[in-house]
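Novice: My structure is below; once you've seen it, I'll send some questions.
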Amino acid sequence: MKTKLNRILFFIVLNFTGLCFAQKQGLIGTVYENKLPMPGATISISNFNKKAISDFDGNFKLNAIEEGKTIISISSNGFKTQEVTVTIKTNEIYNLGVITLEPAENELKLKEVIVNSAQKNSELRALNMQKSSVSIMNVIAADGIGKLPDRNAAETVQRVQGVSIERDQGEGRFVSVRGLPPFWASTTINGNRIPTAEEETTSRATAFDFFPSELIAYVQVNKALTPDIEADGIGGSVNFITHTAPMKQTLNATIGSGYNDKSGKGVYNAALTFGGHTKDKKFGYLVNLTRFNRNWATDNFEARRDGDEGVFRMELRDYTGERKTTGANVALDYNLSPKSKIYLKSMYGTLSDFETHYKHRVRFDKFSTATNTARVELQNIHNNLITELKSINIGGKHELNNGSIDWDLASYENEFKYGNIPDATNKSYFVVKYRQDGIGINPSFISNKGKGPRAYWAVDGGKLDYKNPDALFGFYSDPSFKMDATKMKFSDLEFYKVAITERDKIVASFNHEIKANDKLTLKYGLKFRDKERTAKFSDIFYTWKSGTAPLLSDSQGFIIEQPGRADYLKELNTSISSTFGPVLSTNGMNDFWKKNQNNLAISPADSEALEYNKGLGRNFDVNETHTDAYGMGTYKISENITALGGIRFSNTETKVNGYNVINGVLTPVENTKIYLAVLPMVHLKYQANDNLNVRFATTRTFARPNFGDITPGGSYVEADNEFKGGNPNLNPTYSWNFDLMGEYYLSNAGLISGGVFYKSIKDPIFQDSYQGTYNGITGVEFSTPNNGNKAWIGGLELGIMKRFDFLPGFLQYFGTQLNATFMTSEMTTTTGREVGLPYQAKQLYNAQLFFEKGGFNIRAAYNYKGKYAIAFADQDKNDIYYGKYSTLDIGLSCKITKNLLFFADINNILNNPLIYHYGNSEDRPKQVEFYGVKTAFGVKFTL
12 MKTKLNRILF FIVLNFTGLC FAQKQGLIGT VYENKLPMPG ATISISNFNK KAISDFDGNF
72 KLNAIEEGKT IISISSNGFK TQEVTVTIKT NEIYNLGVIT LEPAENELKL KEVIVNSAQK
132 NSELRALNMQ KSSVSIMNVI AADGIGKLPD RNAAETVQRV QGVSIERDQG EGRFVSVRGL
192 PPFWASTTIN GNRIPTAEEE TTSRATAFDF FPSELIAYVQ VNKALTPDIE ADGIGGSVNF
252 ITHTAPMKQT LNATIGSGYN DKSGKGVYNA ALTFGGHTKD KKFGYLVNLT RFNRNWATDN
312 FEARRDGDEG VFRMELRDYT GERKTTGANV ALDYNLSPKS KIYLKSMYGT LSDFETHYKH
372 RVRFDKFSTA TNTARVELQN IHNNLITELK SINIGGKHEL NNGSIDWDLA SYENEFKYGN
432 IPDATNKSYF VVKYRQDGIG INPSFISNKG KGPRAYWAVD GGKLDYKNPD ALFGFYSDPS
492 FKMDATKMKF SDLEFYKVAI TERDKIVASF NHEIKANDKL TLKYGLKFRD KERTAKFSDI
552 FYTWKSGTAP LLSDSQGFII EQPGRADYLK ELNTSISSTF GPVLSTNGMN DFWKKNQNNL
612 AISPADSEAL EYNKGLGRNF DVNETHTDAY GMGTYKISEN ITALGGIRFS NTETKVNGYN
672 VINGVLTPVE NTKIYLAVLP MVHLKYQAND NLNVRFATTR TFARPNFGDI TPGGSYVEAD
732 NEFKGGNPNL NPTYSWNFDL MGEYYLSNAG LISGGVFYKS IKDPIFQDSY QGTYNGITGV
792 EFSTPNNGNK AWIGGLELGI MKRFDFLPGF LQYFGTQLNA TFMTSEMTTT TGREVGLPYQ
852 AKQLYNAQLF FEKGGFNIRA AYNYKGKYAI AFADQDKNDI YYGKYSTLDI GLSCKITKNL
912 LFFADINNIL NNPLIYHYGN SEDRPKQVEF YGVKTAFGVK FTL
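Have a look at this one:
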């Protein structure tokens, strides 16, 4: 396989470099607007019919220019066109330097409506990039991100049509494109897919709640990939581009505060950006720092099932905590010459989440028909979850007489770990548990349908009813019941430990673009990644060694009223919190371990760790290399039609080291899998006129199997004759993608767009169950991931962005942004059921209404995501759904002076619950949680 790839690489390099021979005149320069680079600007020589488009850094180049006097035109929608006369000498690359575009005052009061507003032309810059692109993409600019209270990288893209996010504790975390799983989307920073490290999942999806939005200059959502983009993203690619050095000295500072209604505590944030260039414009620098501290709280209940649709355990969860996000971005660049630049970028982002969590578990499965009583358990939980990303890039961009070369060397590290709770040795998700038996339960809530005592939902003939708080929490026979610390007996103590580190030790890329002639541009490139990932896991339970276990009341001095108890689930108008008794303080939890550890013994039967031949699927190491090569060409067929075609080869070698239990002995195992993905791609762009674009694309992309699915480890349980493990021989999932999109650009930063897409997917991965032979034992029930049958997804996207400048007087300052995505899909599960794809919502909606006049801007944004299944079972009522979810946010800003801006945000105004449920309806909720309303305000200073 390696020999085959090497031949391909040699062929591409040999053929493309053979074209790099012409030595002709050229023109380079940089376009800026208000200290910011201007991507998407058009640079043209009208008498020679030559054009170039500025890139994300505002840079451009025109090749093969005739020598002599030439008039250069620099233009962009909404800005005044500039003309510059230059004299080009033989074999000279003429440097125009920095061209600054000024807003066009004749664009229907553009100066008043847009330029002096808080928006700062963000839509214009974003739309210019989108308009000039041959491929199908959406772009958001930094100052557009700041218009709404989107505080991390994931939340910035939830307003884009076809894009949705998953949340954790009310904050955006994972990004999903076009209704496909987050691990089927490629999320990158500056074009490089970053390592993943997350507490619960073992997928390739990146959690972006640690990455502050203040570090982002642009977000580029590529819905149809080109060969020069890494193609391991069936849904598409979301690229977060960080800030680079501004051409003029810039100082921006933000300080703000706020309030979280549910926690009853404050929110604080600060950000600082300083950058510029030296007088000779050779050295550029930027330092970007941000800090965001927010107190938070979540009220939650979870109904747990085991065996059938009945609830065997009801969990009442009350979370409080403080999240601290720190971000830093340093960007340096040095111009070796007008044609050559080198740069260094370094980035740091961390999320530290101090969480206190009290969980009350009502055990319906412990119900006694003789006494009509059951058990209530109290879990006192305290932990500090830390995610930390570090990266460094060095690279260069070099203009040639008939093209350009760019290269980049990078290293990334992403780590998840627990903080020092209860101490540095046992840092973990730390739980101290008590139980109280003999609690009276209303027997009319309990039934036994052969699986043991359960409480059933009304839809299944029981009394539990999510829509009726009295029925939902009316299971105690004594309405005045309250948990009693003198009857709460210690049951066990738990250390849940996870440590994940993923390093991309080196990511090396090289790209060579060749301007063959005025119509044809060729490009080829190479990319290499060397990745290592280590995952360590254990879940250790301690029980009382001997004698009588202590009571909760024995921890005098550390017993407190539960934080947040008074308004627990107030949204449901329930009084269930009156049943909550005293709990252990966080100091009390640490003190319990410190004083009693000599009286505690590990329970091997309950614990999961390698030393007990358990937890094999969570303890494994991955070493993986990606070797990519591509070649592509962009050909201007006519003045109106442009074609882009090419192919990408991606070779993956994955070695996984894990553990297996063979004849009762823990045994290291290793597996290596090598595969080559061949990925052709074709794009067509038809530009009917200056305002109308129609794009078509057919591309082939893929998704590598998730890390947790390829672990070679597994465990055989003799009592159940069952083996559970991974499948290191999984094939990647492939997709043929077809996209058609039309865009009509309106005056005054407006746009109407619509399109359709279809994806034909091969080898999706499912959790499979089958019988086989293990260590000579026949009839073993295997539960492992496997490649399934084909699947497909199709959809329609519609959008409009329009200012009401056609209306009279005051109304002309209003505007709207609307978009909707409608999707459907089909796949066959391993049991033969015809279902939709997991994570695929049928509808996504975004609606914004805004008012902008002078320096005042107010914007309301509504976001809706329909429900979707995340796991399938034998029938719908056992499928797990992520429920429909909608939010309403408001952002306001007002310029006080030229350099000072006041802002205020209200987030999650509707305070709708996040719901997971069994089956298509919400009648069988699995998890329901509320986050509360959040507010923020502050000032931004710009110099």
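In the working numbering, each number is its position in the sequence shown, counted from 1, plus 11.
All residues carry an ideal CB built from backbone N, CA and C; glycine is no exception.
The structure displayed is predicted, hence computed values, not measured ones.
#1: In three-state DSSP terms, what is Ile137?
#2: I think Leu537 touches Phe548, with their Cβ atoms under 8 Å apart; what is that distance to the nearest whole Å?
#3: Is Glu572 helix, strand or coil when you go by DSSP?
#4: Going by DSSP, what residues sit across from Tyr896 in a beta bridge?
#5: Please classify Gly820 as buried or exposed, where buried requires at least 16 neighbouring CB atoms within 10 angstroms.
#6: The beta strand (DSSP E) spanning Asn201 covers which residue range?
#7: With 16 other CB atoms within 10 Å as the buried threshold, where does Lys945 fall?
#8: By how many angstroms is the C-alpha of Phe861 removed from the C-alpha of Thr92?
#9: Within the same chain, show all residues whose beta-carbon is closer than 6 Å to that of Leu327, passing over the 5 residues directly before and after it, in chain order.
#10: Check whether the stretch 228-236 touches the stretch 144-152, counting contact only when three or more Cβ pairs, one atom from each stretch, lie closer than 8 Å.
#11: Taking the beta carbon of Ile125 as the centre, do at least 16 other beta carbons fall within 10 Å, making it buried, or is it exposed?
#12: Counting beta carbon pairs with one atom in the stretch 378-395 and one in the stretch 438-453, are three or more of them shorter than 8 Å?
#13: Between which two residues does the alpha helix (DSSP H) holding Lys606 run?
#14: If we call anything under 8 Å between Cβ atoms a contact, is Ile205 one with Thr712?
#15: Quick check: the stretch 185-194 against the stretch 396-405, are there 3 or more CB pairs under 8 Å?
#16: Using CA coordinates, which residue listed in Asn271, Asn717, Pro743 is at the minimum distance from Ile685?
#17: Assuming His1 contacts Phe539 under a Cβ cut-off of 8 Å, what Cβ separation, rounded to an integer in Å, is found between them?
#18: Based on the DSSP output, what are the partners of Arg374 in its beta bridges?
#19: If contacts are defined as beta-carbon pairs under 8 Å, then Asn662 and Leu687 qualify, I think. What distance do you get, rounded to the angstrom?
#20: Rounded to the nearest angstrom, what separates Ile56 and Ile64 at their Cα positions?
#21: I want to know whether the stretch 902-914 touches the stretch 271-291 - three or more CB-CB distances under 8 Å.
#22: Looking at C-beta atoms only, is the number of pairs between the stretch 837-856 and the stretch 190-209 that lie closer than 8 Å three or more?
#23: From Ser214 to Val518, what does the alpha carbon distance come to, in whole angstroms?
#24: Helix, strand or coil, according to DSSP, for Ile4 in the structure here?
#25: Counting C-beta neighbours from all protein chains within 10 Å, is the total for Thr645 16 or more, i.e. buried, or is it exposed?
#26: Which whole-angstrom value is the C-beta distance of Tyr467 and Gly321, which I expect to be below 8 Å?
#27: Express the C-alpha separation of Gly894 and Ala469 in angstroms, rounding to a whole number.
#28: Determine the DSSP secondary structure at Glu681, reduced to helix, strand or coil.
#29: Whose C-alpha, out of Gly338, Leu343, Pro464, is nearest the C-alpha of Thr380?
#30: Beta carbon of Lys526, beta carbon of Asn74: below 8 Å?
#31: State the DSSP-derived secondary structure class of Ala164, mapped to helix, strand or coil.
#32: Is it right to say Glu808 is buried, meaning 16 or more other beta carbons lie within 10 angstroms of its own, or is it exposed?
#33: Less than 6 Å between C-beta atoms, sequence neighbours within five positions excluded: which residues of the same chain meet that for Pro48?
#34: Classify Leu583: buried if its beta carbon has 16 or more other beta carbons within 10 angstroms, exposed otherwise.
#35: Comparing alpha-carbon positions, which option in Ile511, Ile110, Leu912, Gly826 lies nearest Phe71?
#36: Just mark Gly930 as buried or exposed, buried being the case when its beta carbon has 16 or more other beta carbons within 10 Å.
Specialist: Let me lay it out:
#1: Taking the first residue of the sequence shown as position 1, residue 137 is located at position 126. The sequence shown places Ala at residue 137, rather than the Ile named in the question. Reduced to three states, the DSSP call for Ala137 is helix.
#2: Position 526 of the sequence shown, counted from the start, is the residue given in the question as residue 537. Position 537 of the sequence shown, counted from the start, is the residue given in the question as residue 548. Incorrect: roughly 36 Å between the Cβ atoms, too far for contact.
#3: Your numbering for residue 572 matches position 561 in the sequence shown. Under the three-state reduction of DSSP, Glu572 is assigned to coil, being neither helix nor strand.
#4: Here residue 896 refers to the residue found at position 885 when the sequence shown is read from its first residue. Looking at the DSSP output, Tyr896 bridges to Lys876.
#5: For this step, residue 820 is matched to residue 809 along the sequence shown. Gly820 comes out exposed.
#6: The residue given as residue 201 occupies position 190 in the sequence shown. From DSSP, Asn201 is part of no beta strand (DSSP E); its letter is neither H nor E.
#7: As a position in the sequence shown, residue 945 is number 934, starting the count at 1. Buried, since its Cβ has 16 or more Cβ neighbours within 10 Å.
#8: For the purposes of this step, residue 92 is taken as residue 81 along the sequence shown, with counting starting at 1. For the purposes of this step, residue 861 is taken as residue 850 along the sequence shown, with counting starting at 1. Each residue's Cα considered, the two are about 28 Å apart.
#9: As a position in the sequence shown, residue 327 is number 316, starting the count at 1. Hits under 6 Å: Phe312, His371.
#10: Flag = yes, the stretch 228-236 and the stretch 144-152 touch.
#11: As a first step, residue 125 must be located in the sequence shown, where it is residue number 114. With a pLDDT of 36 at Ile125, under the threshold of 50, the modelled position of this residue cannot be trusted; read the value that follows with caution. The Cβ neighbour count for Ile125, taken over all protein chains shown within 10 Å, is at least 16; the residue is labelled buried.
#12: These segments touch.
#13: In the sequence shown, counting from the first residue as 1, residue 606 sits at position 595. Counting along the chain, the unbroken alpha helix (DSSP H) around Lys606 starts and ends at 597-607.
#14: In the sequence shown, residue 205 corresponds to position 194, counting from 1. In the sequence shown, residue 712 corresponds to position 701, counting from 1. Taking 8 Å as the cut-off, the beta carbon of Ile205 is found no closer than this to the beta carbon of Thr712.
#15: Because the criterion of three Cβ pairs below 8 Å is not met, the stretch 185-194 and the stretch 396-405 do not touch.
#16: Position 674 of the sequence shown, counted from the first residue, corresponds to residue 685. Considering only alpha carbons, the answer is Pro743.
#17: With the chain running from 12 to 954 in the structure shown, residue 1 is simply not present.
#18: On the sequence shown, residue 374 is found 363 positions in, with the first residue counted as 1. In the DSSP output, where bridge partners are listed per residue, Arg374 has Arg324, Arg386.
#19: For this step, residue 662 is matched to residue 651 along the sequence shown. For this step, residue 687 is matched to residue 676 along the sequence shown. About 5 Å separates the two Cβ atoms, so the contact holds.
#20: Here residue 56 refers to the residue found at position 45 when the sequence shown is read from its first residue. Here residue 64 refers to the residue found at position 53 when the sequence shown is read from its first residue. If you take the alpha carbons of Ile56 and Ile64, they lie about 12 Å apart.
#21: Contact fails: fewer than three Cβ-Cβ distances are below 8 Å.
#22: Contact check between the stretch 837-856 and the stretch 190-209: three or more CB pairs, one atom from each, fall below 8 Å, which counts as touching.
#23: For this step, residue 214 is matched to residue 203 along the sequence shown. For this step, residue 518 is matched to residue 507 along the sequence shown. In this structure, the straight-line span from the alpha carbon of Ser214 to that of Val518 is close to 20 Å.
#24: There is no way to answer for residue 4, as the model of the chain reaches only from 12 to 954.
#25: In the sequence shown, residue 645 corresponds to position 634, counting from 1. Counting the other Cβ atoms within 10 Å of the Cβ of Thr645 gives 16 or more, which makes it buried.
#26: Taking the sequence shown and counting its residues from 1, the one referred to as residue 467 is at position 456. Taking the sequence shown and counting its residues from 1, the one referred to as residue 321 is at position 310. The beta carbons of Tyr467 and Gly321 sit about 5 Å from each other, so the pair counts as a contact at 8 Å.
#27: Position 458 of the sequence shown holds residue 469. Position 883 of the sequence shown holds residue 894. C-alpha separation (whole angstroms): 19 Å.
#28: Sequence index remark: in the sequence shown, residue 681 carries index 670 (1-based). Three-state DSSP puts Glu681 in a strand.
#29: Here residue 380 is taken as the residue at index 369 of the sequence shown, counted from 1. Of the candidates Gly338, Leu343, Pro464, Pro464 places its Cα closest to the Cα of Thr380.
#30: By 1-based counting over the sequence shown, the position of residue 526 is 515. By 1-based counting over the sequence shown, the position of residue 74 is 63. Cβ distance < 8 Å, so Lys526 and Asn74 count as in contact.
#31: Stepping through the sequence shown from its first residue, residue 164 is reached at position 153. In this structure, Ala164 counts as helix in the three-state DSSP scheme.
#32: For the purposes of this step, residue 808 is taken as the residue at position 797 of the sequence shown. Residue environment for Glu808: buried (at least 16 other C-beta atoms within 10 angstroms of its C-beta).
#33: The count along the sequence shown starts at 1 and reaches residue 48 at position 37. Once the five neighbours on either side are set aside, the close Cβ partners of Pro48 are Asp68, Gly69.
#34: Along the sequence shown, one-based indexing puts residue 583 at 572. Buried, by the Cβ-count rule.
#35: Locating residue 71 in the sequence shown gives position 60, where the first residue counts as 1. Minimum Cα distance to Phe71 is reached at Ile110.
#36: The residue given as residue 930 occupies position 919 in the sequence shown. Looking at its Cβ environment, which holds 16 or more other Cβ atoms inside 10 Å, Gly930 is buried.
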